[in-house]
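In this note's numbering, the protein residues as written are 1 to 456.
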Ligand code: NAD
């Protein structure tokens, strides 16, 4: 099947490469010529585990081709996936659809009537109809059906998530698009994935509902973490125990500095804006947005307060700046806001991130970047662990303490054992660790009573 992708960012490149891997002929289009040139030379512009290898395989098999701007080849595609950005509008928080509408407008003259446009970008309810109306006005001579196919992959595990999705959601109004979408996903290899066909409105809403739910779940466990700190509990243990309840599940129960990234912040804002506009304000989503924003301020203030005794400009080392491990994306990363606040309070910042330097240094000025974490921490008064990169767990805490000028370790990802950090001479601040926890003792039931009685 001939398929085209417009927008070769995190979603377009990963989804298109995976569909090429399933055997389709995929043509990628992006307006960024430098990016397209890199892709043609098999330079992966984003950091995603497994992506580079998959791109190389499909490019050399001739199943993936890259184009800067549209050309007549695009009309051969039965499906054209639109994967351009939909960032928040700074004034209202609504999704800014200008890039989506611009792409659709530019594309319209090339279409010949054999193509379904697929909205893969995250878009508010009603956008499918809006793009359909636009196409009817620009190309009254042909039929251009629109399908909605929101994407649920996570950065950091995007290839794996795409190929092993729990569900693929397709919103369609017409049978031709329905059949085309089923044909696109037909070679799927993972038996656990369900292809769900619904209305465009439901498909659009399901994406925002999923992200708002997950953002709320993270915010909820962060609130429990604060309560643990105040009353003496360990959020790691509490989260493990509530996560054993199948109604709750263990995922997205990791307390930390608050959610960030290119999706949760903008999608919660957009859903809240949609609800306000519709006259039914989403008070729970609004509360989540506020709690998450407040959290970064509180964390920055706690760190600043802990450094008041330092008589010169305090030196703070930051371990990780990406919004999570496994990606080079820093969009809306909590670390950016915290670093900016520390800088405004007069702190000197040194940073190490295994892959986030290029993107991070565009957002943070005046910091010194290091190739290794201990180098960044040398002579620092405080270290902040901002991202849960696995290599940070391996750091020898005694060596770290010896290299630092001060002793404060803000472990915002709970990577370290509090006791071990204190034994190394560090003043340890974890998240939600108001009292020592420890490994939960878990005993499988039913017990062999006879053996137990014998042992007693
Ligand atoms: P991105 O910014 O990484 O990539 C978008 C790409 O679109 C860029 O390369 C840009 O040059 C290109 N583009 C913009 N306008 C264009 C045009 N008119 N013609 C051709 N190319 C154009 O964005 P992303 O992170 O991939 O997100 C894309 C969409 O997918 C957003 O709506 C986002 O909310 C959604 N989404 C993202 C993720 C994620 O993890 N990043 C997950 C699920 C859904």
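For each residue, glycine too, the CB sits at the ideal point set by N, CA and C.
As the structure is a prediction and not an experimental result, all values here were calculated from the model.
Compute the beta-carbon to beta-carbon distance between residue 110 and residue 155, rounded to the nearest angstrom, for a pair I have assumed lies under 8 Å.
-> Residue numbering aside, residue 110 sits at position 110 when the chain shown is read from its first letter. Residue numbering aside, residue 155 sits at position 155 when the chain shown is read from its first letter. Residue 110 to residue 155, Cβ: 31 Å. No contact.
Counting only runs of 3+ residues fully inside the stretch 41 to 115, write out the beta strand (DSSP E) ranges in chain order.
-> 64 to 68 and 79 to 82
List the endpoints of the continuous beta strand (DSSP E) containing residue 169.
-> Position 169 of the chain shown, counted from the start, is the residue given in the question as residue 169. That run of the beta strand (DSSP E) goes 167 to 171.
For the beta strand (DSSP E) that contains residue 183, what are its first and last residues?
-> Working through the chain shown from its first residue, we reach residue 183 at position 183. Unbroken run through residue 183 is the alpha helix (DSSP H), 175 to 185; no beta strand (DSSP E).
Taking buried to mean at least 16 other C-beta atoms within 10 Å of its own C-beta, is residue 419 buried or exposed?
-> Within the chain shown, the letter at position 419 stands for residue 419. Result: exposed.
Are there 16 or more other CB atoms within 10 angstroms of the CB of residue 324, so buried, or fewer, so exposed?
-> Along the chain shown, one-based indexing puts residue 324 at 324. Its Cβ being crowded by 16 or more others within 10 Å, residue 324 is buried.
Kindly give me the distance between the Cβ atoms of residue 261 and residue 331, rounded to whole angstroms, as I take these residues to be in contact under 8 Å.
-> Indexing the chain shown from 1 puts residue 261 at position 261. Indexing the chain shown from 1 puts residue 331 at position 331. That pair is a contact at about 6 Å.
Which residue from 135, 448 and 409 puts its Cα closest to that of residue 299?
-> As a position in the chain shown, residue 299 is number 299, starting the count at 1. Cα-wise, what sits closest to residue 299 is 409.
How about residue 218: is its Cβ closer than 6 Å to a heavy atom in the ligand NAD?
-> Here residue 218 refers to the residue found at position 218 when the chain shown is read from its first residue. False, no ligand heavy atom lies under 6 Å from that Cβ.
For residue 231, which residues does DSSP report across the bridge?
-> Against the chain shown, residue 231 aligns to sequence position 231. DSSP output for residue 231 lists no bridge partner at all.
With a Cβ-Cβ cutoff of 7 Å, do residue 193 and residue 165 count as a contact?
-> Position 193 of the chain shown holds residue 193. Position 165 of the chain shown holds residue 165. Contact flag set, yes.
Please look up how many angstroms separate the CB atoms of residue 464 and residue 318, rounded, as I've assumed it's under 8 Å.
-> One cannot answer for residue 464 here, as it falls past the ends of the chain, which runs 1 to 456.
DSSP-derived helix/strand/coil call for residue 194 = By 1-based counting over the chain shown, the position of residue 194 is 194. Strand, per DSSP.
Between the stretch 77 to 87 and the stretch 43 to 53, do three or more beta carbon pairs fall short of 8 Å?
-> no
Could you give the distance in angstroms between the alpha-carbon of residue 142 and the alpha-carbon of residue 40?
-> Along the chain shown, read from residue 1 onward, the residue named residue 142 stands at position 142. Along the chain shown, read from residue 1 onward, the residue named residue 40 stands at position 40. Their Cα atoms are separated by approximately 33 Å.
State the CB to CB distance for the pair residue 121 and residue 86, rounded to an integer number of angstroms; the pair is presumed to be in contact (CB under 8 Å).
-> For the purposes of this step, residue 121 is taken as the residue at position 121 of the chain shown. For the purposes of this step, residue 86 is taken as the residue at position 86 of the chain shown. So it is a contact: roughly 5 Å between Cβ atoms.
Proximity below 7 Å, CB of residue 352 to CB of residue 376 = Taking the chain shown and counting its residues from 1, the one referred to as residue 352 is at position 352. Taking the chain shown and counting its residues from 1, the one referred to as residue 376 is at position 376. Against a cut-off of 7 Å, the Cβ pair of residue 376 and residue 352 comes out as a contact.
Residue 191 versus 167, 51 and 275, residue with shortest Cα-Cα distance = Indexing the chain shown from 1 puts residue 191 at position 191. Of the listed residues, the one whose Cα sits closest to residue 191 is 167.
Pair every Cβ in the stretch 102 to 119 with every Cβ in the stretch 137 to 151, then say whether three or more of these pairs are closer than 8 Å.
-> yes
Between residue 52 and residue 453, what straight-line distance do the alpha-carbon atoms span, to the nearest angstrom?
-> As a working note, residue 52 is residue 52 in the chain shown. As a working note, residue 453 is residue 453 in the chain shown. Approximately 58 Å between the Cα atoms of the pair.
Could you give the distance in angstroms between the alpha-carbon of residue 422 and the alpha-carbon of residue 229?
-> As a working note, residue 422 is residue 422 in the chain shown. As a working note, residue 229 is residue 229 in the chain shown. Going by the C-alpha atoms only, they are around 17 Å apart.
Does the count of Cβ pairs from the stretch 383 to 393 and the stretch 360 to 368 closer than 8 Å reach three?
-> no
To the nearest angstrom, report how far apart residue 2 and residue 159 are at their CA atoms.
-> Counting from 1 along the chain shown, the entry for residue 2 is found at position 2. Counting from 1 along the chain shown, the entry for residue 159 is found at position 159. Cα to Cα, residue 2 sits roughly 21 Å from residue 159.
Residue 16: beta carbon under 6 Å from a heavy atom of the ligand NAD?
-> Taking the chain shown and counting its residues from 1, one reaches residue 16 at position 16. The answer is no for residue 16.
Where residue 247 falls: helix, strand or coil (DSSP) = Within the chain shown, the letter at position 247 stands for residue 247. Of the three classes helix, strand and coil, the one that applies to residue 247 here is coil, per DSSP.
Which of helix, strand or coil does DSSP assign to residue 435?
-> Translated into positions along the chain shown, residue 435 becomes position 435. Here residue 435 sits in coil by DSSP.
For residue 118, the residue or residues it bridges with in DSSP = The residue given as residue 118 occupies position 118 in the chain shown. Residue 118 is bridged to 81 and 147.
Residue 354: buried (16+ other C-beta within 10 angstroms of its C-beta) or exposed?
-> Mapped onto the chain shown, residue 354 falls at position 354. The residue is buried, with at least 16 neighbouring Cβ atoms inside 10 Å.
If we count Cβ pairs, one from each stretch, closer than 8 Å, do we get three or more for the stretch 22 to 31 versus the stretch 63 to 70?
-> yes
Does the separation of the CB atoms of residue 169 and residue 196 fall below 7 Å?
-> Here the question's residue 169 lines up with position 169 in the chain shown. Here the question's residue 196 lines up with position 196 in the chain shown. It is a contact, given that the beta carbons lie within the stated cut-off.
Thinking residue 125 and residue 268 are a contact (beta carbons under 8 Å), I'd like their distance in whole angstroms, please.
-> Counting from 1 along the chain shown, the entry for residue 125 is found at position 125. Counting from 1 along the chain shown, the entry for residue 268 is found at position 268. Incorrect: roughly 15 Å between the Cβ atoms, too far for contact.
Does DSSP classify residue 350 as helix, strand or coil?
-> Here residue 350 is taken as the residue at index 350 of the chain shown, counted from 1. Looking at residue 350 - three-state DSSP - the assignment turns out to be strand.
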